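Below you'll find the structure, written out as structure tokens, and then a few comments.
Numbering (the numbering used here), first residue to last: 4 to 175.
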């Protein structure tokens with residue numbers, strides 16, 4: 004990603020992400036249940052909880068995808084965290100922002116993407132909950148509400164960690 008494509012609060016965002024100790028952590032049932040619900044509810048083959056690090060997007064939970072991370076520069080979710088509204092792309096192969104992206108031109112051949120940022124208690128975007136398909140498609144309002152509601156649950160789980168982190172005694 005180009006520097007102008009980074010959130011204004013990037014340094015603080017990365018510090019919080021590291022402090023939450025989620026990156027490279029083992030799978031957790033709460034997040035895995037949510038990605039399964041996204042896949043079933045929206046009828047997509049891939050659902051992810053992604054966390055956007057300085058150089059990569061790492062998948063805290065993944066359904067239907069073998070990859071555990073991708074470079075940030077190719078990340079759809081890195082664009083999702085740049086905005087307040089969900090990012091929905093009906094056909095990435097015809098979207099000038101993504102048509103040359105290796106995740107579109109090669110495996111997993113992303114066509115459809117819908118992502119909602121997951122946020123800290125202060126509203127800092129840490130990553131996203133997303134739904135992906137290898138076929139172009141539209142997302143109706145009910146499906147978008149479902150994805151948004153489930154992203155709110157992921158955010159709440161991360162906010163609980165954030166609150167617990169604030170209660171820990173300082174470590175030297």
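Note that CB positions come from ideal geometry on N, CA and C, so glycine has one too.
These figures come from a predicted structure and were not determined experimentally.
Those runs of the beta strand (DSSP E) which lie wholly inside the region 22 to 104 and span at least 3 residues: 49 to 55, 59 to 66, 72 to 74 and 90 to 92
Taking 9 Å as the cut-off, decide whether the C-beta atoms of residue 150 and residue 41 are in contact. Position 147 of the chain shown, counted from the first residue, corresponds to residue 150. Position 38 of the chain shown, counted from the first residue, corresponds to residue 41. With a cutoff of 9 Å on beta-carbon distance, residue 150 and residue 41 are scored as near each other.
C-beta atoms of residue 26 and residue 9 nearer than 9 Å: For this step, residue 26 is matched to residue 23 along the chain shown. For this step, residue 9 is matched to residue 6 along the chain shown. Their beta carbons are not under 9 Å apart, which means residue 26 does not touch residue 9 by this criterion.
For residue 156, which of helix, strand or coil comes out of DSSP? What you label residue 156 is simply residue 153 of the chain shown in a count that begins at 1. Residue 156: helix per DSSP, three-state reduction.
Where does residue 130 land, buried or exposed, given buried means 16+ other C-beta within 10 angstroms? Counting from 1 along the chain shown, the entry for residue 130 is found at position 127. Buried is the call here.
Could you check where the beta strand (DSSP E) with residue 136 kicks off and where it finishes? Stepping through the chain shown from its first residue, residue 136 is reached at position 133. That run of the beta strand (DSSP E) goes 128 to 136.
Taking C-alpha atoms, which residue in 91, 61 and 59 lies nearest to residue 114? Locating residue 114 in the chain shown gives position 111, counting from the first residue. Here the closest residue by C-alpha is 91.
Chain B within 9 Å of residue 27, Cβ atoms only: Looking for chain B here will not work: only one protein chain is present.
In angstroms with no decimal places, state the Cα-to-Cα distance between residue 13 and residue 64. Taking the chain shown and counting its residues from 1, one reaches residue 13 at position 10. Taking the chain shown and counting its residues from 1, one reaches residue 64 at position 61. Going from the Cα of residue 13 to the Cα of residue 64 covers about 23 Å.
Could you tell me how far apart the beta carbons of residue 59 and residue 73 are, in whole angstroms, since I believe they sit closer than 8 Å? Counting from 1 along the chain shown, the entry for residue 59 is found at position 56. Counting from 1 along the chain shown, the entry for residue 73 is found at position 70. In this structure residue 59 is in contact with residue 73, their Cβ atoms being roughly 7 Å apart against a cut-off of 8 Å.
Beta carbon of residue 32 nearer than 9 Å to that of residue 135: For the purposes of this step, residue 32 is taken as residue 29 along the chain shown, with counting starting at 1. For the purposes of this step, residue 135 is taken as residue 132 along the chain shown, with counting starting at 1. No; because the gap between Cβ atoms is not below 9 Å, this pair is not in contact.
Cutoff 7 Å; reference residue 123; Cβ partners in own chain excluding five residues on either side: Walking along the chain shown from the start, residue 123 turns up at place 120. Excluding positions up to five away in sequence, the list reads 19, 129, 161, 162 and 165.
Excluding the 5 residues flanking residue 93 on each side, which residues of the same chain have their C-beta closer than 7 Å to its C-beta? For the purposes of this step, residue 93 is taken as residue 90 along the chain shown, with counting starting at 1. Same-chain partners within the cutoff: 115, 139, 140 and 141.
Less than 9 Å between the beta carbons of residue 117 and residue 146, yes or no? The residue given as residue 117 occupies position 114 in the chain shown. The residue given as residue 146 occupies position 143 in the chain shown. It is a contact, given that the beta carbons lie within the stated cut-off.
Selected residue, minimal CA-CA separation from residue 79, among 67, 46, 167 and 119: On the chain shown, position 76 is the one that residue 79 refers to. Nearest of 67, 46, 167 and 119 to residue 79, Cα basis: 119.
Between residue 105 and the rest of its own chain, which residues show a CB-CB distance below 8 Å, the 5 nearest in sequence each way excluded? Translated into the one-based positions of the chain shown, residue 105 becomes position 102. Excluding sequence neighbours, residue 105 sits near 77.
So which of 21, 137, 44 and 35 has the shortest CA-CA distance to residue 144? Counted from its first residue, the chain shown places residue 144 at position 141. Among 21, 137, 44 and 35, the Cα nearest to that of residue 144 is on 44.
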